[in-house]
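Read the structure below first, then the notes.
Number of protein chains: 2
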Amino acid sequence: MKILLIGANGTLGSAVHSALRKRDHQIVTASRSGSDISVDITDPDSIRSMYERAGRVDAVANTAGSVPWKPFTELSAQDMRDGLTGKALSQIELVRQGSMLMGGEASFTLITGVLTRDPVVTGSVASTVNGAVEAFVRAAAIELPHRQRINAVSPTVFAESMDVYGDLFAGFQPVPVAVAADAYIRSIEGRQTGQVYTM
Amino acid sequence: MKILLIGANGTLGSAVHSALRKRDHQIVTASRSGSDISVDITDPDSIRSMYERAGRVDAVANTAGSVPWKPFTELSAQDMRDGLTGKALSQIELVRQGSMLMGGEASFTLITGVLTRDPVVTGSVASTVNGAVEAFVRAAAIELPHRQRINAVSPTVFAESMDVYGDLFAGFQPVPVAVAADAYIRSIEGRQTGQVYTM
Chain G
1 MKILLIGANG
11 TLGSAVHSAL
21 RKRDHQIVTA
31 SRSGSDISVD
41 ITDPDSIRSM
51 YERAGRVDAV
61 ANTAGSVPWK
71 PFTELSAQDM
81 RDGLTGKALS
91 QIELVRQGSM
101 LMGGEASFTL
111 ITGVLTRDPV
121 VTGSVASTVN
131 GAVEAFVRAA
141 AIELPHRQRI
151 NAVSPTVFAE
161 SMDVYGDLFA
171 GFQPVPVAVA
181 ADAYIRSIEG
191 RQTGQVYTM
Chain F
1001 MKILLIGANG
1011 TLGSAVHSAL
1021 RKRDHQIVTA
1031 SRSGSDISVD
1041 ITDPDSIRSM
1051 YERAGRVDAV
1061 ANTAGSVPWK
1071 PFTELSAQDM
1081 RDGLTGKALS
1091 QIELVRQGSM
1101 LMGGEASFTL
1111 ITGVLTRDPV
1121 VTGSVASTVN
1131 GAVEAFVRAA
1141 AIELPHRQRI
1151 NAVSPTVFAE
1161 SMDVYGDLFA
1171 GFQPVPVAVA
1181 ADAYIRSIEG
1191 RQTGQVYTM
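The listed protein sequences derive, respectively, from chains G and F. Here the first sequence is numbered in my numbering, starting from 1 and rising by one per residue. Here the second sequence is numbered in my numbering, starting from 1001 and rising by one per residue.
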């Protein structure tokens, strides 16, 4: 398959890249810089040019998205808007534009995270945004044109990120990022749709 | 208790109003028009004036929120932004501002709906927005200052709305709006927090 991997240089993106290479897929990478295609997924015009350059693909896999982390009592209205733009509207726009351009059996795999279900302090924007994307995935699955599919990968904290996020996620069982990468393979090569793969 | 009821003239708002009156609460109503206080909850400044006029209350109960309904393939990027503004950012801003102004045991009760879990055609914006608000409620619950609480009421289609929405919700079991109103009472008078009351 020809697969467009967005956010290809991050911790998760690199792991997905490795996993895809082992499966003999043709991979086109995209990210802010250092990939085949430069893209800012918070900008619909940038998404449009990315798709023009990538051409038709069989799967779009996104691992990119960022949100502000702040104690709730210090949160501004703008922080919440920034989070929705950075990880929810961006991913939804990837699917909205992509669904019009891609073939009948294309799939979309988005990134969310455990905070949808299990919040942590300073993570209220992340929780909100993940909740939006997971509900969107279930809803878009029943309306995508042709036989297109959509799933979300919703990992807990990565073992590889415990030095940075370990205090926030005290007592959470981390997973190796390779396990989350496998969920992308499952979404891309399987036939399920509307699923949120938790781990 | 002194309760600020927002969206007091809608189908659900009127039912919550009736339920609250039976419990001998002091009720201050707010809505776009026809209530004690005029408010547009999509405008943070309008929320600010509403809270100034209402003064300190023991509970904020919101039943207002609107989203575009459209087939996924006809959805614009703006439709999704409008939905998030109309029902997610608006409700989150009610809590963000309210939490700074209200007393130690104030509660916030927000409105979501069944589409978070069970999507219907043309409802992808509604699903996304409900998912955002439900995850926000779980996250804010662990960070609200003092002993403030927050819950969401997530009803399925109302029996009273089946003439309008019945085709969209074919086969869903409708509930009387009074049952959803009871969930507001449960949220306001109970001690739970971070709950999504489904029915």
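From the three backbone atoms N, C-alpha and C, an ideal C-beta is built for every residue, glycine too. Remember, it's a predicted structure, so these values are computed and weren't measured experimentally.
Against chain F, a Cβ distance below 9 Å from residue 80/G picks out 1088, 1089, 1092, 1093, 1096, 1136. Distance from the CA atom of residue 1183/F to the CA atom of residue 1169/F, rounded to whole angstroms, is 21 Å.
Taking 9 Å as the cut-off between beta carbons, the residues of the region 109–123 of chain G near chain F are 115, 116, 117, 118, 119, 120, 121, 122, 123, in sequence order.
Of all residues in the region 1140–1155 of chain F, only 1140, 1141, 1142, 1143, 1144, 1145 place a beta-carbon less than 8 Å from a beta-carbon of chain G.
In this structure, residue 64/G sits away from residue 181/G, with a CB-CB distance that is not shorter than 8 Å. From the listed residues 73/G, 39/G, 33/G, the smallest Cα separation to residue 1139/F is found for 73/G. In the three-state DSSP reduction, residue 1073/F falls in the helix class (H, G or I). Around the CB of residue 195/G, 16 or more other CB atoms lie within 10 Å, so the residue is classed as buried. By the rule that beta-carbons nearer than 8 Å mark a contact, residue 12/G does not touch chain F. Residue 1090/F carries a helical assignment under DSSP once its states are collapsed to helix, strand and coil. The region 40–60 of chain G and the region 1017–1028 of chain F do not touch, with fewer than 3 CB-CB distances between them shorter than 8 Å. Look at residue 84/G here: in three-state DSSP terms it is helix. 8 Å or more divides the Cβ of residue 143/G from the Cβ of residue 1131/F. Cβ proximity to chain G below 7 Å picks out 1044 from the region 1020–1050 of chain F. Here residue 195/G carries a strand assignment [DSSP, helix/strand/coil]. Around the beta carbon of residue 1148/F, 16 or more other beta carbons sit within 10 angstroms, so the residue counts as buried. Scanning the region 119–176 of chain G from its first residue to its last, the whole beta strand (DSSP E) runs of 3-plus residues come out as 149–154.
For the set 111/G, 173/G, 85/G, 145/G, the Cα lying nearest the Cα of residue 8/G is the one of 111/G.
Residue-level contact check: residue 1132/F touches chain G, since one or more beta carbons of chain G fall below 8 Å from its beta carbon.
Sixteen is the threshold: since fewer than 16 other Cβ atoms of the shown chains lie within 10 Å of the Cβ of residue 33/G, the residue is exposed.
Rounded to whole angstroms, the Cβ separation of residue 129/G and residue 87/G is 4 Å, and the two are in contact under 8 Å.
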